[in-house]
Amino acid sequence: MEKGLNRFKPNEIEEDTINQTKAKRALEQFFGLDIETQDVMSYWDWLFYREGSLVAIGEYRRRFVDHDCYADFQFSKKKFDAMAAKSAQEGVPAYMFVEFDDIFVCVKIEGNPQTQTMRRNHEVRTEECVVIPRNAYMYTYQLEL
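The letter at position 123 of the sequence shown is residue 363 when you use my numbering, and the numbering goes up by one with no holes.
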């Protein structure tokens, strides 16, 4: 699992694995791609291939709320920067895929989003996070991969 993940119970870890596998299969079928799952300590979950060529990088998150529950979506700036660097190095886009209870959306990793120092749930430490406004979500089916 991702470093710092706040879901430690065996049933929660199993649920996360099932959710990620379902999302991966749906994306593979919809886009006609092969998706290679990365090592658990990778900054991103997936590499997307078409006919053996890398076409995108992706990270998956599951949120157990509706998409309009919060005004924004936050995740580690370190992750954002690592994905942006890999995207630039490989010349392919990078996306954060977010599955909410009511919708499956994505956000392209690009630009210089606003940041905020935040305390992670159930932890004392703080971390600089990018803050992605809800209106930046893109319907996953609108991607051209």
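Glycine residues also receive a C-beta, built at the ideal position from the N, C-alpha and C atoms.
When DSSP states are grouped into helix, strand and coil, SER282 belongs to the coil group.
Here ALA376 is not near ALA334, since their CB atoms are 8 Å or more apart. Residue burial annotation: ASP341 is exposed, with fewer than 16 other C-beta atoms found within 10 angstroms of its C-beta. Contact between the stretch 284 to 303 and the stretch 363 to 378 is absent: fewer than 3 CB-CB pairs across the two stretches fall below 8 Å. ARG360 and LEU273 have their C-alpha atoms some 34 Å from each other. The alpha-carbon separation between ARG303 and ASP312 amounts to approximately 12 Å. Within the stretch 303 to 381, the runs of beta strand (DSSP E) at least 3 residues long that lie entirely inside it are, in chain order, 312 to 316, 334 to 339, 344 to 348, 355 to 359, 366 to 373. Residue nearest to GLU255 within the set GLU276, SER316, ARG301 is ARG301 (criterion: CA-CA distance).
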